[in-house]
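To start, the structure under review is shown below, and the notes come after it.
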Amino acid sequence: MFSDSSKPKYLEMAETFRKDILSGVYQEGSRLPSDEVIAKTYGINKRTVAAGMAQLVAEGLLTRAPKRGSVVVRQKIVQRHSDMIACVAPWGNDVYGNMEMEISEQTLKRGFYSFWLPGSICSHGFANPEYKPFRQFLEYMINELPYGMILFGDRFFPYDVIERNLSKVGKLVFICYYVHSRELPANYVLIDFEAAAEKAVTCFAKNNHRKMTFLASPIRTYRKYDKKTPQHDYHEALKKACGRMGLEYDGEIPEMLWKSTPEELPGILREIKKRKITAAALSYDAIIYGSYAPAIREVQLSIPEELSVIGLFDTRGNDSGLTTLNIQERTIAATAAEMLFEESNEYKKIYIAPELVERSSVIKL
473 MFSDSSKPKY LEMAETFRKD ILSGVYQEGS RLPSDEVIAK TYGINKRTVA AGMAQLVAEG
533 LLTRAPKRGS VVVRQKIVQR HSDMIACVAP WGNDVYGNME MEISEQTLKR GFYSFWLPGS
593 ICSHGFANPE YKPFRQFLEY MINELPYGMI LFGDRFFPYD VIERNLSKVG KLVFICYYVH
653 SRELPANYVL IDFEAAAEKA VTCFAKNNHR KMTFLASPIR TYRKYDKKTP QHDYHEALKK
713 ACGRMGLEYD GEIPEMLWKS TPEELPGILR EIKKRKITAA ALSYDAIIYG SYAPAIREVQ
773 LSIPEELSVI GLFDTRGNDS GLTTLNIQER TIAATAAEML FEESNEYKKI YIAPELVERS
833 SVIKL
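The numbering used here puts the sequence shown at residues 473 to 837.
As structure tokens, then:
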């Protein structure tokens with residue numbers, strides 16, 4: 473039986489036999505026990521055995537064939553990775569465009585090229601975990617044996633596809649978010665929501681606001697998919713920052729918004745006015761210009777006169793007048809690219825603090 477519950481069983485099984493092959497327990501030409509025997513010995517099913525053996529085949533240690541079983545073909549892992557850096561991230565605004573440009577330039581400097589999963593497929597995949605082309609395209613990219621992958625670890629990213637194919641990828645870097653239930657052998661360059669919350673709450677406090685909330689985005693729910701969104705991390709960070717600085721944080725408003733329909737939005741915004749909340753952090757910049765705009769007009773909520781707001785990402789530019797938190801996307805992208813080409817085999821997790829860009833959507837009370 474395997475004991476490390478944080479690691480998938482097929483990876484533990486693969487690691488066990490990898491060590492045996494590399495240490496000489498199984499010599500070149502040796503046949504491993506059958507899948508049935510391995511499954512019974514380790515208390516796993518044959519499908520798990522097959523997934524683990526696939527890792528060793530990808531590393532060039534084994535061949536597998538019906539009736540012949542698993543045969544050791546060499547006792548040294550063969551690196552066969554291509555010069556491709558496979559990248560998966562959202563698209564559609566300057567922030568992600570800047571990331572794409574920075575990563576592409578950094579990889580070209582080192583003699584590699586970046587290949588991006590098409591934006592239209594990304595948009596559907598990040599919004600719907602059951603969108604099959606997203607998973608299929610990701611599998612296709614992995615089968616090209618990329619030198620590395622840079623991945624936006626959002627809620628509906630198919631982490632299981634990566635786990636199943638770890639040996640086919642040289643190096644992994646997750647950027648901006650990572651909401652999987654367990655960590656993978658990868659580097660991480662993530663948005664520092666603690667720092668973002670600290671800066672937002674400090675800005676409101678110095679402008680004499682005493683009660684704030686979080687204008688969150690409605691969350692789609694799907695059966696089997698219960699991961700929390702990155703919004704929850706920001707929400708929790710805002711709550712803590714308010715506690716430290718003596719501001720009252722209304723956590724009921726985001727809870728209502730997460731479950732809301734478009735028809736319910738006006739009522740929630742009226743509740744904000746009724747509760748005399750004067751400030752709000754936004755889950756992203758465009759929320760007050762896009763999906764919430766009709767409801768804001770309907771209830772005649774005046775920004776910033778009635779509600780001062782601070783955005784996130786900095787996608788609207790100076791002309792918008794929106795005070796916001798720039799996530800430093802070029803720094804995130806450059807750091808991710810640098811991690812791919814480091815000699816070190818140690819895994820790191822780095823948090824990048826957003827920068828407050830003060831414009832005119834926060835007024836002094």
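Yeah, the Cβ is synthetic: ideal placement off N, Cα and C, and Gly gets one too. Quantities reported herein were computed from a predicted structural model and do not represent experimental measurements.
(request) Please look up how many angstroms separate the CB atoms of Asp626 and Tyr612, rounded, as I've assumed it's under 8 Å. (result) One-based indexing of the sequence shown puts residue 626 at position 154. One-based indexing of the sequence shown puts residue 612 at position 140. Actually they are not in contact, since the Cβ atoms of Asp626 and Tyr612 sit about 20 Å apart, beyond 8 Å.
(request) For Tyr823, write down the residues that DSSP places opposite it in a beta bridge. (result) Stepping through the sequence shown from its first residue, residue 823 is reached at position 351. In the DSSP output, where bridge partners are listed per residue, Tyr823 has Leu662.
(request) Write down the C-beta distance between Tyr823 and Asp664 rounded to the nearest angstrom, noting that I regard them as a contact closer than 8 Å. (result) Within the sequence shown, numbered from 1, the residue matching residue 823 stands at position 351. Within the sequence shown, numbered from 1, the residue matching residue 664 stands at position 192. Tyr823 to Asp664, Cβ: 4 Å. Contact.
(request) Use the C-beta contact count for Gly620: other C-beta atoms within 10 angstroms, 16 or more gives buried, fewer gives exposed. (result) In the sequence shown, the residue the question calls residue 620 occupies position 148. When all chains shown are included, Gly620 counts as buried.
(request) Write down the C-beta distance between Phe785 and Val567 rounded to the nearest angstrom, noting that I regard them as a contact closer than 8 Å. (result) In the sequence shown, counting from the first residue as 1, residue 785 sits at position 313. In the sequence shown, counting from the first residue as 1, residue 567 sits at position 95. Sure, about 5 Å apart at Cβ, within 8 Å.
(request) Check whether the Cβ atoms of Val544 and Gln578 sit closer than 8 Å, and answer yes or no. (result) What you label residue 544 is simply residue 72 of the sequence shown in a count that begins at 1. What you label residue 578 is simply residue 106 of the sequence shown in a count that begins at 1. Against a cut-off of 8 Å, the Cβ pair of Gln578 and Val544 comes out as no contact.
(request) Look at Leu779 and Asn679 and say whether their C-beta atoms are less than 8 Å apart. (result) In the sequence shown, the residue the question calls residue 779 occupies position 307. In the sequence shown, the residue the question calls residue 679 occupies position 207. Taking 8 Å as the Cβ cut-off, Leu779 and Asn679 do not qualify as a contacting pair.
(request) List the DSSP bridge partners of Glu720. (result) Numbered from its first residue, the sequence shown carries residue 720 at position 248. Per DSSP, Lys683.
(message) Looking at Ile575: is its Cβ nearer than 8 Å to the Cβ of Ser592?
(response) On the sequence shown, residue 575 is found 103 positions in, with the first residue counted as 1. On the sequence shown, residue 592 is found 120 positions in, with the first residue counted as 1. No, they are not a contact pair.
(request) Would you kindly work out how many angstroms separate the C-alpha atoms of Arg769 and Ile760, rounded to a whole number? (result) On the sequence shown, position 297 is the one that residue 769 refers to. On the sequence shown, position 288 is the one that residue 760 refers to. Cα-Cα distance, rounded: 10 Å.
(message) Quick check on the burial criterion: 16 or more other C-beta atoms within 10 angstroms. Buried or exposed for Asn637?
(response) On the sequence shown, residue 637 is found 165 positions in, with the first residue counted as 1. Its Cβ being crowded by 16 or more others within 10 Å, Asn637 is buried.
(message) Leu533 and Lys671 - do their beta-carbons sit closer together than 8 Å?
(response) If you number the sequence shown from 1, residue 671 lands on position 199. If you number the sequence shown from 1, residue 533 lands on position 61. Not a contact, by the Cβ cut-off of 8 Å.
(request) Use the C-beta contact count for Lys491: other C-beta atoms within 10 angstroms, 16 or more gives buried, fewer gives exposed. (result) Counted from its first residue, the sequence shown places residue 491 at position 19. Label assigned to Lys491: exposed.
(request) Please list, in chain order, all residues of the same chain as Thr795 whose beta carbon is under 6 Å from its beta carbon, the five residues on each side excluded. (result) Counted from its first residue, the sequence shown places residue 795 at position 323. Ile782, Glu830, Arg831, Ser833, Val834, listed in sequence order.
(request) Please check the pair Ala751 and His681, which I expect to be a contact at CB under 8 Å, by giving their CB distance rounded to whole angstroms. (result) Numbered from its first residue, the sequence shown carries residue 751 at position 279. Numbered from its first residue, the sequence shown carries residue 681 at position 209. Rounded, the Cβ-Cβ distance is 4 Å, consistent with contact.
(message) Tell me the DSSP secondary structure of Ala672 in three-state form.
(response) Position 200 of the sequence shown holds residue 672. Looking at Ala672 - three-state DSSP - the assignment turns out to be helix.
(request) Along the beta strand (DSSP E) that carries Ala486, what are the first and last residues, could you check? (result) Along the sequence shown, read from residue 1 onward, the residue named residue 486 stands at position 14. Taken as a continuous stretch (DSSP letters only), Ala486 belongs to no beta strand (DSSP E), being part of the alpha helix (DSSP H) at 481-495.
(message) With the cut-off set at 8 Å, would you say Leu729 and Val771 are in Cβ contact?
(response) In the sequence shown, counting from the first residue as 1, residue 729 sits at position 257. In the sequence shown, counting from the first residue as 1, residue 771 sits at position 299. The answer is no: Cβ separation not under 8 Å.
(message) Within a Cβ cutoff of 7 Å, which residues of the same chain sit near Glu666, ignoring the five residues on either side of it in sequence?
(response) As a first step, residue 666 must be located in the sequence shown, where it is residue number 194. Cβ neighbours of Glu666 beyond the five flanking positions: Ala709.
(request) Quick one: give me the first and last residue of the beta strand (DSSP E) that Ile647 is part of. (result) To locate residue 647, count along the sequence shown from 1; it is residue 175. 643-650 is the span of the beta strand (DSSP E), which, as asked, contains Ile647.
(request) Count the other C-beta atoms from every protein chain shown that fall within 10 angstroms of the C-beta of Pro590, then say buried if there are 16 or more, exposed otherwise. (result) On the sequence shown, position 118 is the one that residue 590 refers to. Per the 10 Å Cβ criterion, exposed.
(message) Given this structure, state the Cα-to-Cα distance separating Thr685 from Phe584, to the nearest angstrom.
(response) Within the sequence shown, residue 685 is the residue found at index 213, counting from 1. Within the sequence shown, residue 584 is the residue found at index 112, counting from 1. Whole-angstrom Cα-Cα distance: 45 Å.
(message) Tell me the DSSP secondary structure of Ile614 in three-state form.
(response) As a first step, residue 614 must be located in the sequence shown, where it is residue number 142. Ile614 falls in the helix class under three-state DSSP.
(request) Using a threshold of 8 Å, state whether the C-beta atoms of Ala805 and Met556 are closer than that. (result) Along the sequence shown, read from residue 1 onward, the residue named residue 805 stands at position 333. Along the sequence shown, read from residue 1 onward, the residue named residue 556 stands at position 84. Contact: no.
(request) Please name the residue in Tyr721, Cys675, Gly642, Ala599 whose C-alpha comes closest to that of Ser816. (result) Locating residue 816 in the sequence shown gives position 344, where the first residue counts as 1. Answer by Cα proximity: Gly642.
(request) Look at the alpha carbon of Ala558 and the alpha carbon of Lys640, and state the distance between them as a whole number of angstroms. (result) Residue numbering aside, residue 558 sits at position 86 when the sequence shown is read from its first letter. Residue numbering aside, residue 640 sits at position 168 when the sequence shown is read from its first letter. Cα-Cα distance, rounded: 12 Å.
(request) Classify Arg654 as buried or exposed, calling it buried when 16 or more other Cβ atoms lie within 10 Å of its own Cβ. (result) Here residue 654 refers to the residue found at position 182 of the sequence shown. Exposed, by the Cβ-count rule.
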